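Okay, so here's the structure we're looking at.
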Amino acid sequence: MEVGKLCTVDTVFCARDESVQGAAFLMRKHHVGDIVVVDGADSIPTPAGIVTDRDIVVSVVALGLDPNGLQVGDIMTDDLLTADEHDDVTVTIERMRLRGIRRVPVVGEGGRLVGIVSADDLLGFLAEEMEDLARISPYQQQHERRTRQ
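This note's numbering numbers the first residue of the sequence shown as 1 and each following residue consecutively.
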């Protein structure tokens, strides 16, 4: 399965020069815990970093800094892991595990932001796959009963 088929395509993003306060408002407005920071927000948005609600709390609020006086570019995680929309889910999971990352922007041709995939998205997919696997035995037994009568 390609990660692009599992990602959330309505990704909330902003430019580097957005205020931290503005980013927090966007998170509240869209009911999300992260915002992808992009270059080229007006044309082809290309992921440059990510800011989470935790980043805002730890890097701004806990230090008593003014969220209006800081830009997301000042606090974003810029050592960004991205996944190509055609990457296999298992490869993406392994890369996330090795880096300890729960959210990964998904990019398409030319590095254009096409969505974001989270550990929760992947866990849901894997749970469905496991459920399908668990159904094999009863179906196999039913099939065997029908064919051996």
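Even glycine gets a Cβ: it sits at the ideal position worked out from N, Cα and C. Computed from a predicted model, the values in this text were never measured in an experiment.
Query raised in the report: From Leu6, Glu2, Met1, pick the residue whose C-alpha is nearest to that of Ile116; which is it?
Result: Counting from one through the sequence shown, the residue named residue 116 turns up at place 116. Looking at the Cα atoms, Leu6 is the closest of the given residues.
Query - Pick from Thr147, Leu126, Asp34, Ile75 that is closest to Asp88, judged by C-alpha positions - result: Here residue 88 refers to the residue found at position 88 of the sequence shown. Of Thr147, Leu126, Asp34, Ile75, the residue nearest in Cα terms is Leu126.
Query raised in the report: Among residues of its own chain, excluding the 5 on either side of Val9, which ones have a beta-carbon nearer than 7 Å to its beta-carbon?
Result: The residue you call residue 9 lines up with position 9 of the sequence shown. The beta carbon of Val9 is closer than 7 Å to those of Val114, Gly115 in its chain, skipping five residues each way along the sequence.
Query raised in the report: Does the distance from the CB of Ile50 to the CB of Pro67 come in under 9 Å?
Result: Mapped onto the sequence shown, residue 50 falls at position 50. Mapped onto the sequence shown, residue 67 falls at position 67. No, they are not a contact pair.
**Report entry** Three-state secondary structure (DSSP) of Glu2
**Finding:** As a first step, residue 2 must be located in the sequence shown, where it is residue number 2. If DSSP states are grouped into helix, strand and coil, Glu2 belongs with the strands.
Report task. Below 8 Å on the Cβ atoms is my guess for Ala48 versus Val37; work out the distance and round it to an integer in Å. Result -> By one-based count along the sequence shown, residue 48 stands at place 48. By one-based count along the sequence shown, residue 37 stands at place 37. Going by Cβ atoms, the distance from Ala48 to Val37 rounds to 5 Å, so yes, they are a contact pair.
Requested in this report: Within its chain, find whatever has a CB closer than 8 Å to the CB of Leu80; leave out the 5 residues flanking it on each side and keep chain order.
Outcome: Along the sequence shown, read from residue 1 onward, the residue named residue 80 stands at position 80. Excluding residues within five positions, the ones whose Cβ falls inside 8 Å are Pro47, Ala48, Gly49, Ile50, Pro105.
Requested in this report: Could you tell me whether the Cβ atoms of Val3 and Thr92 are closer together than 9 Å?
Outcome: Locating residue 3 in the sequence shown gives position 3, counting from the first residue. Locating residue 92 in the sequence shown gives position 92, counting from the first residue. A contact, by the Cβ cut-off of 9 Å.
Query raised in the report: Which residues in the same chain as Asp78 place their Cβ atom closer than 6 Å to its Cβ, once the five residues preceding and following it in sequence are excluded?
Result: By 1-based counting over the sequence shown, the position of residue 78 is 78. The residues are Gly49.
**Report entry** Local conformation of Leu113 per DSSP, three classes
**Finding:** Within the sequence shown, the letter at position 113 stands for residue 113. In this structure, Leu113 counts as strand in the three-state DSSP scheme.
Requested in this report: Would you mind working out which of Gly100, Ile75, Gly110, Thr82 sits nearest Asp53, comparing C-alpha positions?
Outcome: One-based indexing of the sequence shown puts residue 53 at position 53. The residue with the shortest Cα to Cα distance from Asp53 is Ile75.
Query raised in the report: Beta carbon of Met27, beta carbon of Asp17: below 9 Å?
Result: Numbered from its first residue, the sequence shown carries residue 27 at position 27. Numbered from its first residue, the sequence shown carries residue 17 at position 17. No, these two residues do not count as a Cβ contact at 9 Å.
Query raised in the report: Given a threshold of 16 other Cβ atoms within 10 Å of its Cβ, counted over all protein chains shown, does Arg146 qualify as buried or as exposed?
Result: Counted from its first residue, the sequence shown places residue 146 at position 146. So Arg146 counts as exposed.
Report task. Counting only the same chain and skipping the five closest in sequence on each side, list residues whose C-beta sits under 6 Å from that of Gly73. Result -> The sequence position of residue 73 within the sequence shown is 73, counting from 1. Excluding positions up to five away in sequence, the list reads Arg16.
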